[in-house]
Amino acid sequence: MKTVLFLCSVVALAVAQTYDASNDNFDIEGLVKDDAALQRYTNCFIRNTDCDEIATDFKKDLKEVYEQSCAKCTPAQKHILKKYIEALKQKLPNEYQEFKKTYDPEGKYSLALETAIATA
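Numbering-wise, the sequence shown is residues -16 to -1, 1 to 104 according to mature numbering (1 follows the signal peptide of the UniProt record, and there is no 0).
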């Protein structure tokens, strides 16, 4: 019985090691191709405006994602974040700087995060 309880605890701990995967099928390619949608999501992330349900879900973990270099991200979440940051750098460079200042005000985590998601 103790073995079963221990195994259940290990499984529960393993499940808690990643963020909610309910939006892992998010169409990031569609978002980054649509400049207006990219701007809306960015406004949500840095200005708290134009937040839909999915953007709000992503936003709630962004500070921790930066601080922990996406350690709890699923492979799909790493891919989504990589594509989003790439598009932000290219299309909205001023907002990219604001995004970084919002989630990494001291500049301690950005390089590690971008390294962690580079191969996603």
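All residues carry an ideal CB built from backbone N, CA and C; glycine is no exception.
Neighbourhood of residue i by C-beta distance below 8 Å, restricted to the same chain and skipping five residues each side
i, result
"residue 73", "80"
"residue 59", "104"
"residue 50", "87, 88, 93, 94 and 97"
"residue 13", "67"
"residue 99", "53"
Reference residue i, options the options, closest by Cα
i, options, result
"residue 111", "40, 33 and 102", "There is simply no residue 111 to check, as the chain begins at -16 and stops at 104 in what is shown."
"residue 71", "21, 3 and 9", "21"
"residue 1", "47, 16 and 54", "54"
"residue 42", "3, 77 and 23", "3"
"residue 15", "75, 100 and 101", "75"
Cut-off 6 Å between Cβ atoms - residues of its own chain near residue i, not counting five sequence neighbours on either side
i, result
"residue 90", "none"
"residue 35", "28"
Distance between beta carbons of residue j and residue i, contact taken as under 8 Å
i, j, result
"residue 86", "residue 30", "5 Å"
"residue 33", "residue 83", "Not confirmed; about 14 Å, so no contact."
"residue 65", "residue 57", "7 Å"
"residue 62", "residue 101", "5 Å"
Residue interval of the alpha helix (DSSP H) (run including residue i)
i, result
"residue 22", "19 to 31"
"residue 140", "Because the chain spans -16 through 104 in this model, residue 140 falls outside it and cannot be assessed."
"residue 76", "Note, residue 76: premise wrong, no alpha helix (DSSP H); not H, not E."
"residue 48", "46 to 51"
"residue 43", "37 to 43"
Sequence-distant residues of the same chain with beta carbon closer than 7 Å to residue i, five excluded per side
i, result
"residue 38", "7 and 10"
"residue -8", "Residue placement at residue -8 cannot be trusted, given a pLDDT of 44 that sits under 50; the coordinates are not used to answer."
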